[in-house]
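In this text, residue positions in the sequence shown follow the numbering used here: the first is 540, and each later residue adds one.
Glycine residues also receive a C-beta, built at the ideal position from the N, C-alpha and C atoms.
This report refers to the structure that appears directly beneath it.
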Amino acid sequence: MATSNVTPANGRLGVMVVGLGAVSTTFMTGVLMTRKGLAKPIGSMTQYDKIRVGRGAEKKYLKVGQIVSMPALDDLVFAAWDVYGDNAFESAMHAEVLKEKDILPVKDELEAIKPIPAAFDHDYARRLDGTNVKKCADRWDMTNQIREDIRRFKAESGVDRVVVLWAASTEIYVEPNEKYHYHLADLEAAMKADRKDVVAPSMCYAYAALSEGCPFVMGAPNTAVDIPAMWELAEKTKMPIAGKDFKTGQTLVKSGFAPIIGVRNLGLAGWFSTNILGNRDGLVLDEPANFRTKEVSKLSTLETILKPDWQPDLYGHGNDEDTQYFHKVRINYYPPRNDNKEGWDNIDIFGWMGYPMQIKINFLCRDSILAAPLCLDLVLLIDLARRAGRYGTQRFLSCFLKSPMHDYTQGEEPVNNLYQQYTMLKNAIREMGGYEADEEID
Ligand SMILES: NC(=O)c1ccc[n+]([C@@H]2O[C@H](COP(=O)([O-])OP(=O)(O)OC[C@H]3O[C@@H](n4cnc5c(N)ncnc54)[C@H](O)[C@@H]3O)[C@@H](O)[C@H]2O)c1
Numbered sequence: 540m541a542t543s544n545v546t547p548a549n550g551r552l553g554v555m556v557v558g559l560g561a562v563s564t565t566f567m568t569g570v571l572m573t574r575k576g577l578a579k580p581i582g583s584m585t586q587y588d589k590i591r592v593g594r595g596a597e598k599k600y601l602k603v604g605q606i607v608s609m610p611a612l613d614d615l616v617f618a619a620w621d622v623y624g625d626n627a628f629e630s631a632m633h634a635e636v637l638k639e640k641d642i643l644p645v646k647d648e649l650e651a652i653k654p655i656p657a658a659f660d661h662d663y664a665r666r667l668d669g670t671n672v673k674k675c676a677d678r679w680d681m682t683n684q685i686r687e688d689i690r691r692f693k694a695e696s697g698v699d700r701v702v703v704l705w706a707a708s709t710e711i712y713v714e715p716n717e718k719y720h721y722h723l724a725d726l727e728a729a730m731k732a733d734r735k736d737v738v739a740p741s742m743c744y745a746y747a748a749l750s751e752g753c754p755f756v757m758g759a760p761n762t763a764v765d766i767p768a769m770w771e772l773a774e775k776t777k778m779p780i781a782g783k784d785f786k787t788g789q790t791l792v793k794s795g796f797a798p799i800i801g802v803r804n805l806g807l808a809g810w811f812s813t814n815i816l817g818n819r820d821g822l823v824l825d826e827p828a829n830f831r832t833k834e835v836s837k838l839s840t841l842e843t844i845l846k847p848d849w850q851p852d853l854y855g856h857g858n859d860e861d862t863q864y865f866h867k868v869r870i871n872y873y874p875p876r877n878d879n880k881e882g883w884d885n886i887d888i889f890g891w892m893g894y895p896m897q898i899k900i901n902f903l904c905r906d907s908i909l910a911a912p913l914c915l916d917l918v919l920l921i922d923l924a925r926r927a928g929r930y931g932t933q934r935f936l937s938c939f940l941k942s943p944m945h946d947y948t949q950g951e952e953p954v955n956n957l958y959q960q961y962t963m964l965k966n967a968i969r970e971m972g973g974y975e976a977d978e979e980i981d
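Pasting the structure below:
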């Protein structure tokens with residue numbers, strides 16, 4: 540009999556979401572509808588997947604909740620921050636992701652989720668002009684106000700534990716800088732000195748969450764917790780962190796498809812990915828500085844799966860310097876499609892004796908429909924990690940993330956191959972449940 544070392548998921552779990560837009564309201568509505576038996580949480584690993592544990596005669600397939608103690612969906616209590624004052628019902632209606640008939644049955648619960656004023660800086664997302672914004676003396680004050688919000692929510696709702704999830708807009712790119720982002724003391728000094736150029740609001744949310752004993756998940760590509768200073772804070776507070784950027788549409792396909800090329804030892808001359816997207820996320824990403832953050836995140840996936848320096852014959856040709864295949868990613872803001880993103884991938888490969896071939900992938904997806912189950916899984920699994928006493932970057936959650944965090948100061952590489960990530964995920968759950976880790980894929 541396996542013995543799990545995980546503290547039971549007793550009591551209620553507070554889920555504080557930064558951003559009350561398309562993704563977060565789709566997530567919340569789906570959970571509330573599922574609770575009423577009116578919807579199914581399709582796409583959620585924690586709700587559906589069955590993991591093999593044991594071998595031979597002992598072999599069995601168990602759901603995550605049968606391996607480790609997990610909260611029921613009934614135990615989740617939501618709160619959110621946003622720049623706009625709309626409550627979760629108004630915001631869900633405005634997002635037009637879900638049909639009215641899938642929102643109205645939980646109207647009352649959604650209306651009760653009123654956004655807390657946001658810790659926001661217009662320079663970090665210029666396309667947003669909401670007024671539900673905190674007045675802050677400096678970045679340190681901003682952080683303290685968020686800490687106060689978390690404490691108030693805990694006290695008023697009576698939840699036992701809180702997880703903070705960033706599902707707000709992508710901020711402009713903040714390049715990790717050794718002077719401010721590598722040591723906690725330097726980051727704190729920059730906050731106190733109100734260095735707005737190097738301390739993004741998302742860093743204030745992450746700092747506040749960890750300091751209040753809450754795990755933090757970064758669902759956008761912001762570098763907020765992907766800096767050594769924040770890893771230091773996670774160590775100090777013994778809190779788990781995960782990021783960055785939900786792996787939903789095109790990058791999910793990429794990380795699942797690229798291994799086919801690798802496994803067959805085919806060559807890659809170029810991979811061109813383009814998208815049209817019309818929601819508020821698309822609007823924010825239409826700003827070049829915000830797109831830059833997304834681009835960095837989206838580009839990294841392929842380079843660690845098909846590595847030019849490992850196989851120069853296969854992956855070492857294509858771009859201007861002739862050292863690597865061409866890899867381009869484009870996002871185009873196109874309002875008529877709203878949340879229904881369309882992605883095209885054109886892949887130029889070559890085979891035996893260098894003969895060229897092409898693959899085309901056209902994914903007509905729904906952005907928030909793909910992201911909502913990831914919100915649920917990330918929230919539940921990072922809470923699990925905390926209850927298992929794990930802290931710092933949770934690499935086992937890479938499966939859900941486009942640009943998984945890794946210690947780049949030590950030359951560590953992220954794992955982007957979907958199948959390796961899935962094995963890592965299942966093994967971590969097996970181990971937390973007191974079972975043996977396993978290499979077999981099934
Ligand atoms: N849907 C997907 O497939 C997907 C995949 C990967 C990442 N993401 C990321 O998830 C995030 C949310 O996407 P969405 O479609 O819900 O966008 P959205 O624009 O509908 O919602 C984001 C909300 O965040 C709010 N916001 C911005 N800055 C804030 C701040 N500092 N504090 C509080 N609220 C703030 C905005 O007002 C907005 O309402 C985006 O960053 C997006 O890039 C989405």
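Taking residue i and residue j to be in contact with their CB atoms under 8 Å, please state how far apart those CB atoms are, rounded to whole angstroms.
| i | j | result |
| --- | --- | --- |
| residue 787 | residue 906 | 6 Å |
| residue 816 | residue 872 | 7 Å |
| residue 704 | residue 672 | Not quite, the Cβ-Cβ distance comes to about 20 Å (not below 8 Å), so this is no contact. |
| residue 851 | residue 956 | So it is not a contact: roughly 20 Å between Cβ atoms. |
| residue 739 | residue 708 | Not confirmed; about 11 Å, so no contact. |
| residue 650 | residue 626 | 5 Å |
With a 10 Å radius around its C-beta and 16 neighbouring C-beta atoms as the bar for buried, classify residue i as buried or exposed.
| i | result |
| --- | --- |
| residue 581 | exposed |
| residue 896 | exposed |
| residue 848 | exposed |
| residue 728 | exposed |
| residue 891 | exposed |
| residue 564 | buried |
| residue 814 | buried |
| residue 877 | buried |
| residue 589 | exposed |
| residue 947 | exposed |
| residue 932 | buried |
| residue 804 | exposed |
| residue 821 | buried |
| residue 884 | buried |
| residue 639 | exposed |
| residue 901 | exposed |
| residue 903 | exposed |
| residue 747 | buried |
| residue 751 | buried |
Along the chain, where does the beta strand (DSSP E) containing residue i start, and where does it finish?
| i | result |
| --- | --- |
| residue 781 | 779 to 782 |
| residue 547 | That residue, residue 547, is in no beta strand (DSSP E); it is neither H nor E in DSSP. |
| residue 903 | 895 to 903 |
| residue 679 | Note, residue 679: premise wrong, no beta strand (DSSP E); alpha helix (DSSP H) at 678 to 696. |
| residue 591 | 589 to 592 |
| residue 1026 | The structure shown has nothing for residue 1026, since the chain only spans 540 to 981. |
| residue 872 | 865 to 872 |
| residue 757 | 755 to 757 |
| residue 601 | 599 to 602 |
Taking the alpha carbon of residue i as the reference point, which residue from the options has its own alpha carbon closest?
| i | options | result |
| --- | --- | --- |
| residue 942 | 960, 928, 925, 927 | 960 |
| residue 819 | 737, 924, 782, 631 | 631 |
| residue 501 | 662, 668, 657 | With the chain represented from 540 up to 981, any question about residue 501 goes unanswered, as that position is not in the structure. |
| residue 968 | 935, 633, 955 | 935 |
| residue 717 | 725, 711, 710 | 725 |
| residue 660 | 744, 692, 865 | 744 |
| residue 949 | 638, 766, 690, 812 | 766 |
| residue 741 | 927, 546, 557, 953 | 557 |
| residue 944 | 758, 911, 682, 810 | 758 |
| residue 635 | 562, 609, 598 | 562 |
| residue 621 | 795, 595, 654 | 654 |
| residue 761 | 901, 624, 832 | 832 |
| residue 693 | 937, 964, 553 | 553 |
| residue 571 | 596, 598, 652 | 652 |
Taking only three categories from DSSP, how would you classify residue i?
| i | result |
| --- | --- |
| residue 820 | helix |
| residue 644 | helix |
| residue 945 | coil |
| residue 931 | strand |
| residue 625 | coil |
| residue 847 | coil |
| residue 608 | coil |
| residue 700 | strand |
| residue 814 | strand |
| residue 655 | strand |
| residue 808 | strand |
| residue 618 | strand |
What residue does the alpha helix (DSSP H) around residue i start on, and which one ends it?
| i | result |
| --- | --- |
| residue 767 | 767 to 776 |
| residue 718 | 717 to 720 |
| residue 521 | The structure shown does not extend to residue 521, since the chain spans only 540 to 981, so no value can be given for it. |
| residue 570 | 561 to 574 |
| residue 918 | 906 to 926 |
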